[in-house]
Amino acid sequence: MNLIKSLLAGAALAVGLAGAATAGEKTKVGFIYIGPTGDFGWTYQHDQGRKAIEAAFGDKVETKFVEGVPESADSERVMTQMALSGTDIIFATSFNYMDHVLNVAKKFPNVKFEHATGYKRADNVSTYSARFYEGRTVIGHIAGKMTKTNTIGYIASYPIPEVVRGINASYLAAKAVNPDVKMKIVWVYTWFDPGKEADAANALIEQGADVIMQHTDSPAAMTIAEEKGIMAFGQASNMSQFGPNAQMTAIIDNWGPYYVERVKAVMDGTWSSTDTWNGIGKGMVGIAPFSDKIPADVQASAGAIRDALAAGTMHSFTGPINKQDGSVWLKDGEVADDGTLAGMNFYVEGIEAELPK
Amino acid sequence: MDFSAISPVSLIVSLMIASTPILLAAIGELVVEKSGVLNLGVEGMMIFGAISGFIAAVTSGSPLIGFIGGAAGGALLSVLFIILTQYLMANQVASGLGLTMMGLGLSALLGYSYAGIKPPASAHLDIAGLSDLPVVGPILFSHDIMIYFSIALVAGVWYFLNRTKAGLILRAVGENHDAAHALGYKVIRVRLLAILFGGACAGLGGAYLSLIRVPQWTEGMTTGAGWIALAIVVFGSWKPWRVLIGAYLFGGVTILQLNLQAVGVNIGAAYLSMTPYIITIIVLVVMSADKKRASINAPAMLGRLFHASK
Amino acid sequence: MLRLEARPNPSKPMQALTPILAVLATMVAGGILFLLLGKNPFEAIRMLFWDPVLGEYAFYYRGQILIKAAPLIMIALGLSFGFRANIWNIGAEGQFIMGAICGGAVGLAFYPMEAFWIFPLMIIVGTLGGMLWALIPAFLKNRFNANEILVSLMLVYVAENFLAAMVTGPLRSPVGMNFPVSRSFNDYPAANNPELITGSGLHWGVVTALFLVIVAYVALTRHIGGFQVRVAGQSSRAAKFAGINPKLMVAICLGLSGALAGMAGIFEVTGPAGNLSTHLPLGYGFTAIIVAFLGRLHPVGVLMAGLLLAITIVGGDIVQTSLQVPKASIQVFQGMLLFFLLGFEILINFRVRLTIKGAA
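Protein chains in written order, with my numbering: chain G, 17 to 373; chain E, 390 to 699; chain H, 219 to 578.
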């Protein structure tokens, strides 16, 4: 009996009968987050994007979120749950939700899915990501100009293309204005461990770094920089409350505009599967106001870089650039293609450390 | 590669800061275990202490009140463990794990409105002349007060366990609770006090993390420090000074591996991250290999239930 | 005042009654918690306990409960064997990870070959991987007297870092844009652990877990091995009299629990998780310790405890989605459930007597 029932139920799921999104009064929007909304980093910013949707559409939308969803069958269950209860569009905000998003999307063809940082799409699955490396170019420029010890400390999470891209972009920008600059990189192999991030910041400072960049989620390094009286850059969100003196600027993950646009498309019935990789220009990567500790001329040149990147008249990776082993990557004037950037797994020439493999 | 970039002096200073939360929690758990109780909820009490200390410090504006609040928070959470294990005779391993779950959840609920706030700064020792001495100055005379307190606490626990009658009673309870009971000692009361002390120490360790080492509140910020503290107790074979060494060694290896990476040592960073744990195992093996010495200190009644009518 | 009095024998009715009492108490306390959070407590409790099993979409959730419960049950079965013998493996999480890595690596090595024996081979290697990882603390305990609690716990962190090294290195998917994940096992049929009946949640891991409950039950109640474990747990001298080699016992208990944890790991990675990544460890190894104790170290108890915990996990997500409460409130709720389950157990072995002071 039960078996038959579940078989039938499975079939119902497969054809998307159960609870499929119908044109209700309110557009229902669901979010699944990898971390807690209070992490002041990645998840916090996605939740700010969710709030932007609420602000933009008021009571025409209903948003829901579930935090701390592991990248496992749990994510599939939570998304199914959302789809069953009539959610129209679901934002899955971590990379390894990828296959689970596609599995659920297959069962609910009427529900739209948006997957952050992924690369697998379907008729009802879009992907989106941000060109954070553009922000890294801006902070690299400031760091290169401002460092007194010619040493930039970089707290890195895992050796994945996203992080490697950030290291390369900031190094190239710093090197362009300061040929003597060195970059010290510490891999902490975690996205979130305030204690370890603070230790890493201390280690880098002790070894002469007077500017700290980070690609981890907590504001721990910023608080240490503030305490030690050195410079740092906010990651993911504006961290100036943690480092009112230390923060020179911050790279802000600004998902709001994109989220509003996509929800609008669902409302208008114009949503279609797309692949979006936006940068400063479309406002997906925000640059926090420059600190007044930055001299006026540096503010001006950094501002010019920011604006040129936004306008598309400049690219973070423009040749000539050699790879770390000295081989040519980009010829003079050549611009990196998105494919190489998406899978970047090498350092550029000049970085001394070896990329963990 | 330029190893001279690593300064031994600042290495020692940072390792003390990195180790102190674990040390505080471990020295508390040592007393708990010496009384024959195994409380695996250190992580939960630590994180609860981290948020309660943070709230106390932010509300009062005083780091000292923050630390008192942290200790009180940790002790408060340990009351749950006391009720379960001492009065309802529940299994200690499972109760401890439950305590961790509870602490992580409660701290996150309490902490929602405290993310993104800066706690008041703690005072550092600054003795004119002494603190400015080369090498000795930074290592001995310029820390925050809690580091001195943690070392004093280790000394105090050593003195208590080895030189006082109360300490003797506590150890007797941990060795053989039935005999201690027969001699007229209040087994439950001794353990109750030990667990409260352990909770307060763990809470203090958590508060050190949220007020000094990181200083900020973020959900789940202890990320396993409580488990390491448990390991350090066994590692130190239930001796206060060895626990201190264990905590500093663990912190030292962690800090050293980050420093080695920064000078560009070419070993996979993931493998370097394993080293603190592997070294802990190796030292443990070396120390336990001498059977006579190792087994003597382990409290015989560790984790066993006690009921007076038996 | 209230006084506890030991019962001569554990009370049978109480053994059945205490879990029910505990769940009821949790409903009350949890209801208050949700009320404090400004939510309708009755709705919240219904979503936590009723909806996953019998609610509108229960046809889907029931399968999901099995998916969550299977690894917990499988690991807890192994652990409870060791715990009975006073051998404390608290590093099942690490053995789970090593099982997933070893078994997964075998599958990836044969990619893209299609052969019926690949999946069974992966399960075997994964099981062995978990077992070998658990035999490290066994060896160090037998040879050097090193405490197995500590060594097995430390090895969890080593395994986590090893996993990170593997998925950013040798096992990283060559078609995954250099993200730290392995190839997807769902896209490689020979290495996949699929849902056997659509919508049922049943995969080979669930089937194996249920089968193992029966095996463990028979072994514990009928077979001599179960007897030896129980004797060894009671006292090592008694064990020696019964002709049991304590060192062998350590190796068997740790090896067995590690093997089951490794097996749970490889089933998980090839099925529900789908690939190896740094987010694979979900704490099953630690939660299983709780399951083992809640199940009173008995196979049937472990089965029930695993299912109960899985219901609150599935129900917890329903509450989170529908009522928009933070995840932390679910954690607190689960903590309460655990505390009440543990606390009420006292009624099995003790009688609560009301005594008037002075008269006693």
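Note that CB positions come from ideal geometry on N, CA and C, so glycine has one too.
None of these values were measured; they are calculated from a predicted model.
Does any residue of chain G bring its CB to less than 8 Å from the CB of E/Leu-593?
Output row for E/Leu-593: interface = no.
Going by C-alpha to C-alpha distance, which of E/Leu-661, E/Ser-626 and E/Gly-625 sits closest to E/Val-642?
With distances taken between Cα atoms, E/Val-642 lies closest to E/Leu-661.
Who are the near neighbours of G/Asp-233 in its chain, counting only those whose CB is closer than 6 Å to its CB and skipping five residues on each side?
Contacts found: Asp-55, Gly-57, Trp-58, Trp-207 and Phe-208.
Using DSSP with H/G/I as helix, E/B as strand and the rest coil, what is G/Val-82?
Correct three-state label for G/Val-82: strand.
Would you call the region 481 to 492 of chain H in contact with the region 338 to 355 of chain H, where contact means no fewer than 3 C-beta pairs closer than 8 Å?
As far as the Cβ criterion goes, the region 481 to 492 of chain H touches the region 338 to 355 of chain H, which means the pair count is three or higher.
Could you name the residues of chain G that E/Glu-608 contacts, counting a contact when the two beta carbons are closer than 8 Å?
Here the neighbours are Pro-52, Gly-54 and Asp-55.
Does E/Leu-412 have its Cβ less than 8 Å from a Cβ in chain G?
No, its Cβ sits nowhere closer than 8 Å to a Cβ of chain G.
Determine which residues share a DSSP beta bridge with G/Asn-142 and list them.
The question names Asn, but residue 142 of chain G is Ser in the sequence shown. Answer is G/Glu-130.
In whole angstroms, what is the alpha-carbon distance linking G/Thr-38 and G/Ser-101?
In this predicted model, G/Thr-38 has a pLDDT of only 46, less than 50, meaning its place in the structure is not dependable enough to derive any value.
Report the neighbours of E/Leu-465 on chain G: residues whose CB is nearer than 8 Å to its CB, in chain order.
Result: empty, since nearest Cβ-Cβ is about 22 Å, beyond 8 Å.
Taking only beta carbons into account, state which residues of the region 643 to 673 of chain E come closer than 8 Å to chain G, listed in chain order.
Listed in sequence order: Thr-643, Ile-644, Leu-647, Asn-648, Gln-650, Ala-651, Val-652, Gly-653, Asn-655, Gly-657, Ala-658, Ala-659 and Ser-662.
Beta carbons nearer than 9 Å to chain G: which residues of the region 392 to 414 of chain H have them?
For the region 392 to 414 of chain H, which is checked against every Cβ of chain G, the residues closer than 9 Å are Gly-394, Met-395, Asn-396, Phe-397, Pro-398, Val-399, Ser-402, Asn-404, Asp-405 and Glu-413.
Taking its Cβ as the centre, do 16 or more other Cβ atoms sit within 10 Å of H/Arg-302, making it buried, or is it exposed?
The residue in question, H/Arg-302, is buried, as its Cβ has 16 or more Cβ neighbours within 10 Å.
Taking the alpha carbon of E/Leu-466 as the reference point, which residue from E/Gly-455, E/Gly-485, E/Val-524 and E/Ala-446 has its own alpha carbon closest?
Residue E/Gly-485 is the option with its Cα nearest to E/Leu-466.
Nearest CA to the CA of E/Ser-677: which residue from E/Met-690, E/Phe-624 and E/Val-543?
Out of E/Met-690, E/Phe-624 and E/Val-543, E/Phe-624 has the C-alpha closest to the C-alpha of E/Ser-677.
Taking only three categories from DSSP, how would you classify H/Lys-230?
It is helical.
Rounded to whole angstroms, what's the CA-CA distance from H/Leu-339 to E/Gly-595? Just pull it up for me.
Each residue's Cα considered, the two are about 46 Å apart.
Do E/Ala-659 and H/Thr-439 have their C-beta atoms closer together than 8 Å?
It is not a contact, given that the beta carbons lie outside the stated cut-off.
Buried or exposed: which applies to H/Pro-407, given that a residue is buried once 16 or more other Cβ atoms fall within 10 Å of its Cβ?
Exposed, since its Cβ has fewer than 16 Cβ neighbours within 10 Å.
Can you tell me whether G/Lys-42 is buried or exposed, with buried defined as 16 or more other CB within 10 angstroms of its CB?
Exposed, by the Cβ-count rule.
Nearest chain E C-beta to G/Tyr-205 closer than 8 Å, yes or no?
By this cut-off, G/Tyr-205 is an interface position.
Which one of G/Ala-185, G/Ala-72 and G/Tyr-135 has the shortest CA to CA distance from H/Met-395?
When only C-alpha atoms are compared, the closest one is G/Tyr-135.
So the alpha helix (DSSP H) H/Ile-341 belongs to, where does it begin and stop?
Here the alpha helix (DSSP H) through H/Ile-341 covers 336 to 362.
Alpha carbons only, please: which of G/Lys-280, G/Phe-333, G/Ala-312 and G/Asn-254 is nearest the one belonging to G/Phe-73?
Closest option to G/Phe-73, Cα to Cα, is G/Lys-280.
For G/Pro-175, which residues in the same chain have their Cβ closer than 7 Å to its Cβ, ignoring the five residues on either side in sequence?
Around G/Pro-175: Trp-203, Leu-371 and Pro-372.
Could you compute how far the alpha carbon of G/His-157 sits from the alpha carbon of G/Ala-190?
Spanning the two alpha carbons is a distance of roughly 5 Å.
What residues of chain H sit near G/Pro-86, judged by a beta carbon separation below 7 Å?
Those within 7 Å of G/Pro-86 in chain H are His-497 and Leu-500.
Specify the secondary structure class of H/Arg-390 as computed by DSSP and reduced to three states.
Looking at H/Arg-390 - three-state DSSP - the assignment turns out to be coil, as it is neither helix nor strand.
Write down the C-beta distance between E/Leu-499 and E/Ile-444 rounded to the nearest angstrom, noting that I regard them as a contact closer than 8 Å.
Between E/Ile-444 and E/Leu-499 the Cβ distance is about 7 Å, and since that is below 8 Å, they are a contact.
Which runs of the alpha helix (DSSP H) spanning at least 4 residues fall entirely within the region 505 to 571 of chain H, listed in chain order?
Correct list: 517 to 541, 545 to 562 and 564 to 567.
Hey, H/Pro-259 and H/Phe-252: beta-carbon distance below 8 Å or not?
It is a contact, given that the beta carbons lie within the stated cut-off.
Under 9 Å, CB to CB, which of the residues in the region 190 to 217 of chain G have a partner in chain E?
Under the 9 Å Cβ criterion, the region 190 to 217 of chain G contributes Lys-200, Ile-201, Val-202, Trp-203, Val-204, Tyr-205, Thr-206, Phe-208, Asp-209, Pro-210, Gly-211, Lys-212, Glu-213, Ala-214, Asp-215 and Ala-216.
Check whether the Cβ atoms of E/Leu-412 and E/Leu-633 lie closer than 8 Å to each other.
Taking 8 Å as the Cβ cut-off, E/Leu-412 and E/Leu-633 qualify as a contacting pair.
Tell me, to the nearest whole angstrom, how far the beta carbon of E/Ser-496 is from that of E/Ile-440; I am working on the premise that it is less than 8 Å.
That belief holds up - the Cβ atoms of E/Ser-496 and E/Ile-440 are roughly 4 Å apart, short of 8 Å.
How about the region 616 to 623 of chain E and the region 411 to 425 of chain E: do they share at least three Cβ pairs that are nearer than 8 Å?
Enough Cβ pairs lie closer than 8 Å, so yes.
Return the chain-ordered ranges of every beta strand (DSSP E) run that is complete within the region 63 to 120 of chain G and spans a minimum of 3 residues.
The qualifying runs are 77 to 82 and 105 to 108.
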